[in-house]
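Chemist: Those protein sequences? They're chains A, B, C and D, same order as listed.
Going by full-length UniProt numbering, the first sequence wraps up at 311, each residue one higher than the last.
Going by full-length UniProt numbering, the second sequence wraps up at 311, each residue one higher than the last.
Going by full-length UniProt numbering, the third sequence wraps up at 442, each residue one higher than the last.
Going by full-length UniProt numbering, the fourth sequence wraps up at 442, each residue one higher than the last.
Don't be surprised by glycine CBs; every beta carbon is placed ideally from N, CA and C.
The following block contains the structure, expressed as C-alpha cells.
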Amino acid sequence: MLPIDSTKKLSFTRCIRDGDLVIVYERYDNMKAIEVCDGSVLENRFGVFKHSDWVGKQFGSKVFSTKGGFVYLLAPTPELWTLVLSHRTQILYIADISFVIMFLEIVPGCLVLESGTGSGSLTTSLARAVAPKGHVYTFDFHEQRAVSAREDFEKTGLSNLVTVGVRDIQGEGFPDELSGMADSVFLDLPQPWLAIPSAGKMLKQDGILCSFSPCIEQVERASETMRSSFTDIRTFEILLRTYEVREGKLDDFQGDEAASLGSLPRKRRQRSNEGSNVRETTGPPTVMARPCSEAKGHTGYLTFARLKCLS
Amino acid sequence: MLPIDSTKKLSFTRCIRDGDLVIVYERYDNMKAIEVCDGSVLENRFGVFKHSDWVGKQFGSKVFSTKGGFVYLLAPTPELWTLVLSHRTQILYIADISFVIMFLEIVPGCLVLESGTGSGSLTTSLARAVAPKGHVYTFDFHEQRAVSAREDFEKTGLSNLVTVGVRDIQGEGFPDELSGMADSVFLDLPQPWLAIPSAGKMLKQDGILCSFSPCIEQVERASETMRSSFTDIRTFEILLRTYEVREGKLDDFQGDEAASLGSLPRKRRQRSNEGSNVRETTGPPTVMARPCSEAKGHTGYLTFARLKCLS
Amino acid sequence: MSANKPQSDLFESLRSTWEGCSVLLDINDGDRLVFARLSAGATLKIGNKNCSLQPLLGCPFGSFFRVENGTQGPYLSRYTPSTEGNNVLEKGDGQSIDELRDNRALVDNNKAQSLTGEDINEMRRLGATGDEIVEALIANSATFEKKTVFSQQKKYAPIVLLRRPFTRSICEAYLKKYPTRIGFLRMDTLSLLLSMANVSANSDVLVVDMVGGLLTGAVAERLGGTGYVCNTYIGGSPYPMDIARIFNFGDEICKRIVRSPLTDLFSVQNGLQKPVSQDSDSCNMESQSNDRISSPVSMEEVSLASENVITDLIPESTSSPVIKMSKPAKLGEKAPQEIISSWKEHGFSCLIIAAPELDTWSLVKEIFPLMSNSAPFAIYHQYLQPLATCMHNLQLGKMAIGMQISEPWLREYQVLPSRTHPCMRMNAFGGYILSGTKISPN
Amino acid sequence: MSANKPQSDLFESLRSTWEGCSVLLDINDGDRLVFARLSAGATLKIGNKNCSLQPLLGCPFGSFFRVENGTQGPYLSRYTPSTEGNNVLEKGDGQSIDELRDNRALVDNNKAQSLTGEDINEMRRLGATGDEIVEALIANSATFEKKTVFSQQKKYAPIVLLRRPFTRSICEAYLKKYPTRIGFLRMDTLSLLLSMANVSANSDVLVVDMVGGLLTGAVAERLGGTGYVCNTYIGGSPYPMDIARIFNFGDEICKRIVRSPLTDLFSVQNGLQKPVSQDSDSCNMESQSNDRISSPVSMEEVSLASENVITDLIPESTSSPVIKMSKPAKLGEKAPQEIISSWKEHGFSCLIIAAPELDTWSLVKEIFPLMSNSAPFAIYHQYLQPLATCMHNLQLGKMAIGMQISEPWLREYQVLPSRTHPCMRMNAFGGYILSGTKISPN
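And the structure:
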C-alpha cells in the first residue's frame, strides 16, 4: 500500500502485477480489495473479470468483463482501505483519523502506541505517518481480532511498520519494555482513565496522548485523570459534511419571452444542458451544490494532552 | 411594537407620529430605539436629526441630518428590539428564541410562564406569540431588573401582554395561583432542577416545559429531574452560521488571450464589474457567498419535556 | 380589514378532542405517525384489523391508548402507562459506559456494525431517501437507540399516543417521511422564517408557499384567526396547500387563509406599473384548482419505523368514507376583491418565500413592491447562490437593509446517565435564509 | 529519484533544542506565540527588555522558563511549574454551576456582557479580523475563559513555554493571527488534505501552495526527507513559502522541497502537448525570486492576547543580527532538470491545491495530466462553486472517480467539572475540499 519500496510507487510506467493488491471500484458505494492472482476471476453484477486481463494495465485503468461491464482498478491507499476493510468493530473514519495524526504530531520516524486495534482503520494511517522508519505498536484485548489485524497488515504490506499485541491495556497497561519510548499514544477504550497512567509512562517527555470516546462522561473522567501529569488538555469533535453537485437551473419564470407575469401554468424546466438551444440567463449557474442532509451526527470526542515536562 | 391596535399596523398610509417608538438604523451593527418626541433631536456621527422631520414619513424611510448624513427609521419588531435592548444579563438570540417558541407550541391565546426575565429578549417574542389575547407571566429574582423590564414593556407597548414578577423561582417556585394554568413554561436558571417540580404544577395537562442551560451537567441533572413527571424529554442545540456575500470573480489564468500558460506575472483582477469591457467567462458567478468564519460556538442546550397526562 | 375584532380562539383551553378535530396519533413511541380527523366512524388500521377511533373522542391530548381484544374484535382502550416510557438503564457509578465502544465485551461480528457513516454517504449518493437510510440504520445497527427489547415487544401490543398537531410536529413528521413535499424545510428553519418576518397577530402576511401548505399553515397558526395569510402563486394553478388542512384550524382561522394569483395583487390603478392578468380562462382554471384544493386529506400516514419492526402494522392511507362527513372547514379560498384592494392600499406587513424551485431574484423583484415599507422578509432556499444573488441585487437597488444570509445548525442530544452524546444521526442541512427589511424606495 | 536511501531523520529522538533550531515560544499560556530560531545571540523582547534566548539552548521541548531579574538585568530561567497551569476551580458536588448564568448572583451591569454574538456578527460585517474580534471579546467579557486572576498576574511574571513547531501549531498560530496569509486554512482541513492526497514517504507530491508555504511545509513534514514536494506556480514569480522555514527542517528535508513553474513541468517530448515556457527572461526572474525566497524569516511573532492584557510585552518582530549566522538550510530551490524528467516519466504521486484566488477548474484542467494514474488529489477552496464546477467537469471528462466535496466542522470543548460545554467562540468555517482519484484517460 505504501511506496516504501520505490518500485511500488505509482508511475505511468508501473503496471499491475501478479500478487498486487488492487481496489476494485464499481461505484463510490461499492469497492473491494482484491489480490491479483493470475488464474483467478472476479465475478460481480457486471460480469466475469479475469485477473490475467488486469496484469500489465496501469493502476487507474478501466477494465472490462467478458460481457462488457467495467470496473476501475485503483492503487490501495489507507483512505480506500478504510472503505473496504472488514469491520470487526466500529471504525474511525477519515476526519477523526486525519485530525488525530496531525494533532499527535506524528511524523516519519515516530514510535506510536495504539489501543485497541479494532479493525485497523486508524492503524493503517498511523503506519503511513511513521513510515519508512518509525513503528506502530497496537494492542487489542481480543486474540482473534489481533490475528485478523495481522493478516490485514500482511496483505497491505505494512507488517514491517506495525506490531500487533494481544493485551488488556485497561487492565494491565502497556508493556513495560516500551516505557519512555513513545512519541504518541492513542486510546480508544471504554474506560480510558484506567489506561492513562500507563500511557503517561510510555511517553517520551513532551509526548502527546489522545483518547477517543463517544460519551461526554468518558471525556470528563479521562480529562480529570489527565490533569495530574498532563498539560494542554483539549477536547475536540470533528464532523464532515458532504455536498451534492447537480446540473440544472432554477425556474426563472420571467424567461418566457413576453409572457405576462406567470400567466402560464408552471412546468419544471429540463435540468439538462444537452439541448442545442440553451439560453444565456442571469440566473444561478448550471452546476449547483448543496449540503447532503443526512450525515453522521457524532463519532466521538477527541481529547488530547501533552505529558508535562518535569525533568 | 405589535399591531394589536390595527391603526398601528405597517401601511403605505401609516406615518410616523409623535410618540412612536422607532428603530434608528445607521448600519447593521449600529441601531438604536428612540421615542419620537416633537422637540427632540438625535445627534450622532452623521449629524443632528430633528425628530420633527421624521413625523409624517413612512416607516422604512431614509431621513437626513442637518449636515446631510442619513439614517433609516424602521418600525420596531422583537428581532430588532433584541439588537438594541439594554443588556442587563446575557440574552437569548433569534435562533434559540425562534426554536423555543415553535417547540413550546405557543400560539395566540396561550398563557406562558418564564423565569428569569433577564433583559426581556425572549419575553418580547413570547408576547408576540401569545398576542392578542394570551399572557406572559415572567419572573426575575432581581427587583431592579424587573423594574427595568417593566419600563421596557411599557415602551414597546407590550404591558398588556406581560406581567413581570419579582420572585426567586428556584427557591419558592411559581406562585400557586397560576397552578394548572400554563400552556408552556420556560426556565433559564442556573439550577433548573429546583424549579422543575413547580413548573410541572403550573402546566396544564400535556403542557410543555423548556429549560435553557449552557453546561451539559445542568442538562443531565434537569433531564433526570424531569423523568418522574414528564415525557418526550429531548435536548437540542441550535446555532446560526452567517454568510458573507461579495462581488468578484476568481482568477481564470487562461483568460489572457493567447498568453502561454502562466508566463505573465500574476495580477489580481479588479473585483468590480463596473468596467465597460466585462467578458463572459465560464468561471464562477460574480456574486459569491461563503460562511463567515467567526461565529458564536455555543449558547446553551434547550431541553424540552411534556407533562405526562395521567388523568 | 384585519381589525382587532373578537375571535373564537380555537387554541384556547381546548385540551381534549372533539368531533371533527384533527389529531396526530403517535404509535409505538414514534415508530409510526398518523394524522387523522376524529369522528364516530373513523377507523385506524392496526395490524390487519380496523380499530374505531371513537374511544379517542373527548379524551385529553396526551392520552395513551392500547389495543385490547374484546368480544367484537380489537379495540382501543385508554390506559395510564407506568414510567417505562423513558426506558432508562440507570447505573449510578459512572463506570458503566456505552456498550458501543466496549471492545472487550464485543464479540467479533461483521454484522454488528455493518452500516457505517460511509455507508450512509454511499446510500445517499445512490439516491436513497432519508427514510430509507433510517430504515437501513435500524435494520443494521445493533446499537440503534430504538431497537430495544421494549420496542420489540410493542409490536405485539401497540400503544397509541394522542397528540394535537402543531406546526412543529407536522413539520417534523413530514421531514422524516416526505421531505421533498415540504422542500426539506426543517422545523428550526421554519421557526426562523416566522420570527424573521415578524409574523404576529393582525399581520397581513404574503407567502409564496411551494412547500405543500406547511408555511401557510404555520403562519395561520401564529395569526390565530387575525390578519390574513395570502398564499400567492405564479401562473394559473394555485400551489397545493394540503398540509394546512392537517392543522386543527377552525372556521375563524380557515377564513383568514386565502390565495391569489400574483397578477391579481397588482392592478393598473395602484400605480405599481404591473400588467393585469392576461389570463382569459382564469375562471375555468380556478374551478379546476378549487376542486383539487378541496379534496379532503383527512388521514395522512407518516410511518417512521422500518418494515421489520412493525410488520403487523400495515399502513392505512385511504380515508374511511364516514370521515367525509366531518370535512374540515374550507381554507384557501380566493382572496375577495375588497381585501386585495386593502392590501394594495396598505401593503403587506411581511413576506415569506419558500419556493425551492424558483429563482429567488426573479420572484423577489416582482413581489417586493407589494410589501409595506419597513416590512421584514424572510426567504428560504436550498441553494445559497440564488439568495446571494438576490441579496446583492437588493443591495444594489437600495431596496432593503439589515440583510443577512444565515443557515441554522440543529443538533439533538441523547442525554442518559453516563451515555450522553450528540445523536449519532443528524439532519446536516436546514437550508439557507435571506432576511432583511424593505426600505422606502426614495 | 526518491529511492529509499538512508536519511538523517531530524524528527527522531531530537527532543531538546540545538543551535539553529526553530522553536515556538508560547508566552503566558497562549497569550503570545513567537516563532524563533535559537542561537547564542538571539534575544526576545519581553516588556521593554531584551532577554537572551541562550538559556533555552539544549533544553528539552516542553520546558518552562520565567523572567527573573539578575544583576545584568532580566534573564530567562528554567523552572518546573506546579500544577497551577491547569487552573481548575474544583467543586465536587455538581451544585456549583457556571457563574455565567447565575442571574441571582449577577449584578446589573451593562458592561458585564457587553459583547454579544450579534456584536461579533456586526464586527465581522465591518471587516474586523478574527484577531480583532478575539481581542474585543477578551476586553469585553467578564467571563472570557482566559481572563482569570491568574492571567492577570502573569503579565508581571511572564512564563515562556518552549515548544517544537509542527504543522499543527504553526497552522493554529497563523490562523489566529494572520488568517489571510494562509487562506484561512484550518488545521483540521489541512490534515484532511494530507490524508485525502495520501501523502506518504517516498511520494512525489505536486502542490499549488498559495497559502504562504504552510502546505509545502506540512507535506515536507510528512515526507520526512524522502520523495519530493514540488511547489509549482503559474507565471514568472514563485509563490512565497516563508512559512515552510518555520518548520524545524534539516538539510535532508529542505532539499526535498523544490519549486518549478508549471510550464517547466511540461515539455514537447513528453507527449502532453504543452507549450514550452515562453519566458525569455526566466533566468533574470529566477534570481530575483530566489533573493526574495531566501530572505530569512527567523523570528515571527504571533501575539494572541489583547493589548491590555500584555501591555508590557511589546512585539519584537525584527530578528537580531546574530541570528543570520544560524540561517536555516535552504529550501525551495528550483527543481533540477533530471528530477523534472523523472516526474514526466512517472507522473506525480498525488496533487494538493490550496489556491484560494484561482479558479479551480482552469488550473486543474492544466495540471491534471501531470499526475500518475490512480493518483489521489485534494483541492482546498474558500468558495464552493469553483469546486462544484471542477467536480462536474472532471466527471463529464471521465477524468476522475470517487469524487466528493466535503466541509469539515470542528468544535472545541471546555471540559471542567460541572462546567462542560462547547467553547463559546468557534471558527465556523474550515473551507471546502474536493477529493478524488485520477483515472487513466482511456
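Nearest chain D C-beta to V219 of chain A closer than 8 Å, yes or no?
Modeler: Yes, contact with chain D.
Chemist: Taking L434 of chain D and I379 of chain D to be in contact with their CB atoms under 8 Å, please state how far apart those CB atoms are, rounded to whole angstroms.
Modeler: Contact holds; Cβ gap of about 5 Å.
Chemist: Assuming L240 of chain A and S406 of chain D make a contact with CB atoms under 8 Å, what is their CB distance in whole Å?
Modeler: Yes, L240 of chain A and S406 of chain D are in contact; Cβ-Cβ is about 5 Å, under 8 Å.
Chemist: Determine the direct distance from the alpha carbon of V164 of chain B to that of Q170 of chain B, and round the result to whole angstroms.
Modeler: Cα-Cα distance, rounded: 16 Å.
Chemist: If you follow the beta strand (DSSP E) that W409 of chain D is in, where does it begin and where does it stop?
Modeler: Where W409 of chain D is concerned, the enclosing beta strand (DSSP E) stretches over 400-414.
Chemist: What residue does the beta strand (DSSP E) around V55 of chain B start on, and which one ends it?
Modeler: V55 of chain B -> no beta strand (DSSP E), and no H or E assigned at all.
Chemist: Short of 8 Å Cβ to Cβ, which residues in the region 368-384 of chain C face chain B?
Modeler: Listed by position along the chain: S372, N373, S374, A375, P376, L384.
Chemist: Please state the DSSP three-state secondary structure of Q205 of chain A.
Modeler: Three-state result, Q205 of chain A: strand.
Chemist: Taking just the CA atoms, how far does T66 of chain A sit from G39 of chain A?
Modeler: The straight-line gap from Cα to Cα measures roughly 15 Å.
Chemist: Quick one: using the 10 Å Cβ neighbour count with 16 as the cut-off for buried, is Q382 of chain C buried or exposed?
Modeler: It is buried - the Cβ of Q382 of chain C has at least 16 other Cβ atoms within 10 Å.
Chemist: Could you pull the start and end residues of the beta strand (DSSP E) that K330 of chain D belongs to?
Modeler: From DSSP, K330 of chain D is part of no beta strand (DSSP E); its letter is neither H nor E.
Chemist: Helix, strand or coil for C292 of chain B per DSSP?
Modeler: Three-state result, C292 of chain B: coil.
Chemist: Quick check on DSSP: helix, strand or coil for N393 of chain D?
Modeler: Helix.
Chemist: First and last residue of the alpha helix (DSSP H) that includes P78 of chain A?
Modeler: 78-84 is the span of the alpha helix (DSSP H), which, as asked, contains P78 of chain A.
Chemist: Excluding the 5 residues preceding and the 5 following F70 of chain B in the sequence, name in chain order all residues of the same chain whose CB lies nearer than 7 Å to its CB.
Modeler: Correct list, in chain order: F46, K62, V63, F64.
Chemist: Among A:K308, A:K249, A:L310, A:L302, whose alpha-carbon lies nearest the alpha-carbon of P356 of chain C?
Modeler: It is A:K249.
Chemist: Less than 8 Å between the C-beta atoms of L206 of chain D and T167 of chain D, yes or no?
Modeler: Going by C-beta atoms, L206 of chain D is not nearer than 8 Å to T167 of chain D.
Chemist: Leaving out five residues before and five after D209 of chain D in sequence, what residues of the same chain have Cβ atoms less than 7 Å from its Cβ?
Modeler: Result list for D209 of chain D: L215, T216, N231, Y239, M241, A354, in chain order.
Chemist: Which residues in chain B have a C-beta closer than 9 Å to the C-beta of S418 of chain D? List them in chain order.
Modeler: Correct list: C215, E217, Q218.
Chemist: Mind listing the chain A neighbours of residue 467 of chain D? Cutoff is C-beta to C-beta under 7 Å, in chain order.
Modeler: Because chain D in this structure spans residues 1 to 442, residue 467 of chain D falls outside the shown range and cannot be described.
Chemist: For T231 of chain A, which residues from the same chain have a beta carbon less than 6 Å from its beta carbon, with the 5 sequence-adjacent residues on both sides left out?
Modeler: Same-chain partners within the cutoff: R306, K308.
Chemist: Which of the three DSSP states is assigned to I439 of chain D in this structure?
Modeler: Note: I439 of chain D maps to coil in three-state DSSP.
Chemist: What are the boundary residues of the alpha helix (DSSP H) that I233 of chain B is part of?
Modeler: No alpha helix (DSSP H) contains I233 of chain B, which is instead part of the beta strand (DSSP E) from 230-247.
Chemist: Check whether the region 167-186 of chain C touches the region 22-41 of chain C, taking contact to mean three or more Cβ pairs, one atom from each stretch, closer than 8 Å.
Modeler: Verdict: yes, contact present.
Chemist: Going by the beta-carbon positions, is the gap between A400 of chain D and L394 of chain D smaller than 8 Å?
Modeler: Going by C-beta atoms, A400 of chain D is nearer than 8 Å to L394 of chain D.
Chemist: Within 8 Å of any Cβ in chain B, is that where the Cβ of Q404 of chain C sits?
Modeler: It does; some Cβ of chain B falls within 8 Å.
Chemist: Taking 6 Å as the limit between beta carbons, can you name the residues of its chain near Q404 of chain D, skipping five residues before and five after?
Modeler: Closer than 6 Å at the Cβ level, and outside the excluded window around Q404 of chain D, lie S435.
Chemist: For the region 68-97 of chain B, which residues have a CB atom closer than 8 Å to at least one CB atom of chain D, in sequence order?
Modeler: Those would be T82, L83, S86, H87, R88, T89, Q90, I91, Y93, in chain order.
Chemist: Can you tell me the Cβ-Cβ gap for A129 of chain B and I101 of chain B, rounded? I've got them flagged as a contact below 8 Å.
Modeler: At roughly 5 Å, the Cβ-Cβ gap stays under 8 Å, so A129 of chain B and I101 of chain B are in contact.
Chemist: Out of B:P132, B:A95, B:I91, B:G120, which has the shortest C-alpha to C-alpha gap to A146 of chain B?
Modeler: Out of B:P132, B:A95, B:I91, B:G120, B:G120 has the C-alpha closest to the C-alpha of A146 of chain B.
Chemist: Sort B:K204, B:W81, B:S223 by Cα distance to R15 of chain C and report the nearest one.
Modeler: Considering only alpha carbons, the answer is B:K204.
Chemist: I'd like to know whether the C-beta atoms of L2 of chain A and L158 of chain A end up nearer to each other than 8 Å.
Modeler: Against a cut-off of 8 Å, the Cβ pair of L158 of chain A and L2 of chain A comes out as a contact.
Chemist: By how many angstroms is the C-alpha of R27 of chain A removed from the C-alpha of G431 of chain D?
Modeler: When rounded, the distance between both Cα atoms is 26 Å.
Chemist: What residue does the beta strand (DSSP E) around E114 of chain B start on, and which one ends it?
Modeler: It spans 111-115 - the beta strand (DSSP E) in which E114 of chain B sits, taken as one unbroken run.
Chemist: Alpha helix (DSSP H) containing residue 320 of chain B: first to last residue?
Modeler: A query on residue 320 of chain B cannot be resolved here, the shown segment of chain B reaching from 1 to 311 and no further.
Chemist: Compile a chain-ordered list of the residues in the region 231-250 of chain B whose CB is closer than 7 Å to at least one CB of chain D.
Modeler: Listed in sequence order: R241, T242, L250.
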